[in-house]
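In our numbering, the protein residues as written are 1 to 117. By construction, the Cβ of each residue, glycine as well, lies at the ideal position given by its N, Cα and C atoms.
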């Protein structure tokens, strides 16, 4: 999931079209769902979508991200809520992988941090 999201982000940066934005939201959704499974939370969580994405370049391969993520427990997919997501991403120079990322979201008064270092 990381590789797919990194490739999509690289493509989006070179061609910021509505089609590429749609691919980026899908890539981030899958990445977050995968990473949420490794988070220490009372319930397994999943991501049902990412929207309102804002990327701000902070370096040649570094970006700040803000977005809204639809998060809910896997045990009951009817319960889902829109949560603020913030973080930082760094692509490898090849654009084919992330060097690092750090996402933060507040879910039911619990701060969840998803990282790759």
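(1) Of the choices 9, 108, 17, 94, whose alpha-carbon is the least far from that of residue 80?
(2) Just verifying my parser: in three-state terms, what is the DSSP assignment at residue 14?
(3) Buried or exposed: where does residue 38 fall if 16 or more other Cβ atoms within 10 Å of its Cβ makes it buried?
(4) Could you give the distance in angstroms between the alpha-carbon of residue 96 and the alpha-carbon of residue 60?
(5) For residue 67 and residue 54, which I take to be in contact (beta-carbon distance under 8 Å), what is that distance rounded to the nearest angstrom?
(6) Have a look at residue 64 and residue 49 and give me their C-alpha separation to the nearest angstrom.
(7) Buried or exposed for residue 103, please, with buried defined as at least 16 other CB atoms from any protein chain shown within 10 angstroms of its CB.
(8) For residue 38, which three-state DSSP category applies?
(9) In angstroms with no decimal places, state the Cα-to-Cα distance between residue 27 and residue 18.
(10) Do you know how far the Cα of residue 33 is from the Cα of residue 106?
(11) Rounded to whole angstroms, what is the Cα-Cα separation between residue 51 and residue 75?
(12) In the region 76-104, which residue ranges form an unbroken beta strand (DSSP E) of at least 3 residues, counting only runs that do not cross its ends?
Working from what's here:
(1) 108
(2) helix
(3) exposed
(4) 15 Å
(5) 7 Å
(6) Across the structure, residue 64 and residue 49 are spaced so that their CA atoms are roughly 19 Å apart.
(7) Classification of residue 103: buried, given that the 10 Å Cβ count is 16 or more.
(8) coil
(9) Distance between the alpha carbons of residue 27 and residue 18: 14 Å.
(10) 15 Å
(11) 23 Å
(12) 81-91
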